[in-house]
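Asker: Residues 22 to 686 in my numbering are what the sequence shown lists, from first letter to last. Cβ coordinates follow ideal geometry from the N, Cα and C atoms, glycine included. Since this is a predicted model, take the numbers as computed values, not measurements. Encoded as structure tokens, here's the structure I'll be asking about.
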Amino acid sequence: MRLRLLSALLLAFGAISPASFAQVGAEAPVEIEAAAPVRTQFDAAAVEAWAESFFAPLIEDKRLTGASFGLVQDGEVVFLRGWGHEDLGRGVELDPLRTLFRMCSTSKTFTATSLMQLVERGAIASLDDPVNRYAKRFQLPPPYGDQVTLRQLMTHSSGMAGHFTPQGTQIDHPVPVSEAEVAKMFRENIERPPGTIGQYANLGVALESVVIEDLSGKTFADYITEEIYLPLGMADALVHHETAVPDRLAQPYGIFADGSLQAVPFYPKHPLTAASGGVVATPRDMLRYAAFHADEEALSHPELLSAEGRQELHRRHFGHHPGDPGIGLHFYPSVWGGERFASHGCGLPGTTSLLGVLPESRAGIVYSLLAAGPSPSAGDVVGRLFGRGRLVGDQGPGSGGFSNPGDAFLEEFVGPEELPEAGSEAVSSVETDLEALPGTYWTERRTLTGVATLFASGSVVEVSRGEGDSVLVRNELHRQVAPGVFDAEDGGRVIFRRPDPEGPVYLHRGVSSSYRRVSGLGDPTVVTRLMNYGLLLSLTALLAFFWPRPDDTSRWLRRIALAFAVSLLVIPVSLFAGYETLSAIFAEDAFNGATGRFAFSLVLVNLAGLLGLAVIAGAVVAWRRQVWEDGKGALLCRLHLTALAVGVVLTWPAFRLFHLVGLQF
């Protein structure tokens, strides 16, 4: 807080120029060499005209409640503007000089910048050293833990899955976080050999922050503030990991059909996950940061990071294929109109942001958007049936989506995106057999061992054969441009690989989004379908209320069937009761790190499983003892009990695939 106050006072007295980004508490920038000519010179009037035509209609159509866009070049602000509201419900207009936005995963670039600083200052000998050499509070366990390098953490290729790790907190934790709390966060091992598959994993970034703290002796927030925010004059920026909502933080809303607003709740970051998404800053602050990264020649602030260090952050370090744009050190490289672009976009509930730099033009862009769909409650849905409530009316958001502002800007002023040359020859591990490609591919951004697998059951990609050498990916046509490499008409690219000749095929959509081909009872779509059929059959157990009960055996069978049906009904109630909206279950429990409700529900699931076994045993007893005696009524009861047993069996693959047996998280 004292550091932010000092920075704010300096800004107030003119020590920090919003346009020139003069340093705070450091010597004047040292020019290490003459500046090279910029590749693209941006015109402020043209940028303003484009931005107004892009964002104003989105605000007017209520597809956004607030937005900001800024451009910096050669350390000077070319354009910075906000549209709409910081808080529509309170009528507070958005101010790009004062409104704070959650910068979500662009925070990872601050983490990468910090690690590169520690390399240049000698605290880290090499990014290719094992992370266990530098982390003092936690050691990655065998069998792969000792092999994981810092570079692999920074390129999401460590072998960690981006599983259901609690991102938030319900309390204010002391910082730095204790060894016990760190160990609690890292419940799961490395799940695949490092360096083979790229998969976005916030948990790896949490470990990076542990390294920064252990080596610097500072908390992550203090390190970022002292080594990046203050020198760059980012007066209002902070690393947020507290339950209190920061002042002037942009508030996103969902808009219902009747025009009423639904505020998106604030989910505070846990101190360990702040490195992956805890940065909060104004658009003006982020332009200062963009100017620093766009200056790859290190004409300014060479004491913070050298030219080589900045270039190292932005260049490609890992990819699945030469045709994959790949990933740098938490920056994603791409090429637009022949010019390099390094960026990181992100999203949290209701907020989307992006940081991008064009080093050859010493330019950078920053945008933040406020947009959320309303989450109706069960009461809203029922009310609509009777023509009343929040879902009735025509005052909601305008129809249709909108293009990515960063892509639209680059298309307009720099040129179209250019994907890397895929080559004409097959490269190692690429799957070239077109007949091996069709099937269901399940996201690798999930735990492979815990109940969190259930929450990734819908993250599948269906692939089928098209005409000739094309494939349909989620029903979108992709034509083969190189062995194993397929491009869609909109420019999207997928790559199919088989890293292990005896193993499964993988589909890669970019370097950080991988899917593994699954089939049979390993396919979540098949298992979910069987589970749904089984649950429908099982719920007919409520009809057991009408079964005759002439003796003790029939009475016990009736009680078991009814108890089984009731347990199935109580499970969803235990998950959803008390929430205003059904979608809040993930947000309020997962983001706030509360697993008690899931634990209770899993107890009920296992109880239902035991009752299901009792139903199967009851069906056997009913036929062996001819319960209910003879006649059509008795036969119908036994057949119904058998159908219930079949329903139980149909749910068993889900218990296995989604790890519903036990209390794993």
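Are phenylalanine 517 and glutamate 433 closer than 8 Å when you measure CB to CB?
Answerer: no
Asker: Mapping DSSP to helix, strand and coil, what is threonine 453?
Answerer: coil
Asker: Pull up the distance between the alpha-carbon of threonine 546 and that of valine 481, whole angstroms please.
Answerer: 8 Å
Asker: According to the neighbour-count rule (16 or more other Cβ atoms, all chains shown, within 10 Å of its Cβ), is aspartate 306 buried or exposed?
Answerer: buried
Asker: What's the C-alpha gap between phenylalanine 42 and arginine 537?
Answerer: For phenylalanine 42, the predicted model reports a pLDDT of 32, less than 50, meaning its position is unreliable; a value from the coordinates is still stated below. The straight-line gap from Cα to Cα measures roughly 47 Å.
Asker: What are the boundary residues of the beta strand (DSSP E) that includes serine 374?
Answerer: 372 to 379
Asker: Using a Cβ-Cβ cut-off of 7 Å (strictly less than) and excluding sequence neighbours within five positions of phenylalanine 277, which residues of its own chain qualify?
Answerer: Gln283, Pro395, Arg411, Leu412 and Gly417
Asker: Are the stretch 443 to 462 and the stretch 356 to 365 touching, with three or more C-beta to C-beta distances below 8 Å?
Answerer: In short, these stretches do not touch, since the Cβ pair count stays below three.
Asker: Rounded to whole angstroms, how far is the Cβ of proline 151 from the Cβ of threonine 170, which I believe are closer than 8 Å?
Answerer: 6 Å
Asker: Suppose contacts are defined by Cβ-Cβ distances below 8 Å. Is phenylalanine 63 in contact with alanine 384 by that definition?
Answerer: yes
Asker: Which parts of the stretch 223 to 272 are runs of the alpha helix (DSSP H), unbroken and 4 residues or longer, counting only runs that do not cross its ends?
Answerer: You should have 223 to 237 and 241 to 245.
Asker: Going by Cα to Cα distance, which pick from Val624, Asn496, Gly225 and Phe159 is closest to lysine 129?
Answerer: Gly225
Asker: Using the Cα positions of alanine 666 and alanine 638, report the straight-line distance between them to the nearest angstrom.
Answerer: 8 Å
Asker: For glycine 299, which residues in the same chain have their Cβ closer than 7 Å to its Cβ, ignoring the five residues on either side in sequence?
Answerer: Ser128, Val260, His261, His262 and Lys290
Asker: Tell me the DSSP secondary structure of leucine 320 in three-state form.
Answerer: In the structure shown, leucine 320 adopts coil according to DSSP, grouped into three states.
Asker: Could you give the first and the last residue of the continuous beta strand (DSSP E) run that contains histidine 529?
Answerer: Residue range 527 to 529 is occupied by the beta strand (DSSP E) that includes histidine 529.
Asker: Measure the alpha-carbon distance for isoleucine 348 versus arginine 172 and round it to whole angstroms.
Answerer: 11 Å
Asker: Kindly indicate the opening and closing residues of the alpha helix (DSSP H) around serine 595.
Answerer: For serine 595, the enclosing alpha helix (DSSP H) starts and ends at 573 to 597.
Asker: Given 8 Å as the limit, is there contact between the stretch 575 to 594 and the stretch 638 to 654, that is, 3 or more CB pairs closer than that?
Answerer: yes
Asker: Which one or two residues does DSSP pair with arginine 361 in a beta bridge?
Answerer: Val356
Asker: Please report the straight-line C-alpha distance between phenylalanine 159 and alanine 204, rounded to a whole angstrom.
Answerer: 7 Å
Asker: Just tell me which of Ser89, Gly427 and Asn553 has its CA closest to the CA of alanine 302.
Answerer: Ser89
Asker: Using the beta-carbon count (16 or more within 10 Å), is proline 674 buried or exposed?
Answerer: buried
Asker: Would valine 68 and leucine 92 be called neighbours here (beta carbons separated by less than 8 Å)?
Answerer: yes
Asker: Can you give, in chain order, each stretch of the beta strand (DSSP E) that sits fully within the stretch 278 to 326 and has at least 3 residues?
Answerer: 282 to 284 and 300 to 302
Asker: According to DSSP, simplified to helix, strand and coil, what is arginine 383?
Answerer: Coil.
Asker: Please list, in chain order, all residues of the same chain as valine 626 whose beta carbon is under 7 Å from its beta carbon, the five residues on each side excluded.
Answerer: Ile592 and Leu681
Asker: Given that a residue counts as buried once 16 or more other Cβ atoms are within 10 Å of its Cβ, and exposed if not, what is serine 126?
Answerer: buried
Asker: Is it buried or exposed, valine 669, if we count other Cβ atoms within 10 angstroms and call 16 or more buried?
Answerer: buried
Asker: Please check the pair leucine 101 and proline 304, which I expect to be a contact at CB under 8 Å, by giving their CB distance rounded to whole angstroms.
Answerer: Between proline 304 and leucine 101 the Cβ distance is about 6 Å, and since that is below 8 Å, they are a contact.
Asker: Could you name the residues of the same chain whose beta carbon sits closer than 7 Å to that of leucine 589, not counting the 5 residues immediately before and after it, in chain order?
Answerer: Leu556, Ser559, Leu560 and Ala629
Asker: Return helix, strand or coil for valine 682, following the three-state DSSP convention.
Answerer: coil
Asker: Put serine 178 into one of helix, strand or coil per three-state DSSP.
Answerer: coil
Asker: Start and end of the beta strand (DSSP E) containing alanine 509?
Answerer: Looking at the DSSP string, the run of the beta strand (DSSP E) that includes alanine 509 is 506 to 509.
Asker: For the beta strand (DSSP E) containing isoleucine 218, list its first residue and its last residue.
Answerer: Run containing isoleucine 218: none; DSSP gives neither H nor E here.
Asker: Could you give the distance in angstroms between the alpha-carbon of arginine 579 and the alpha-carbon of leucine 270?
Answerer: 57 Å
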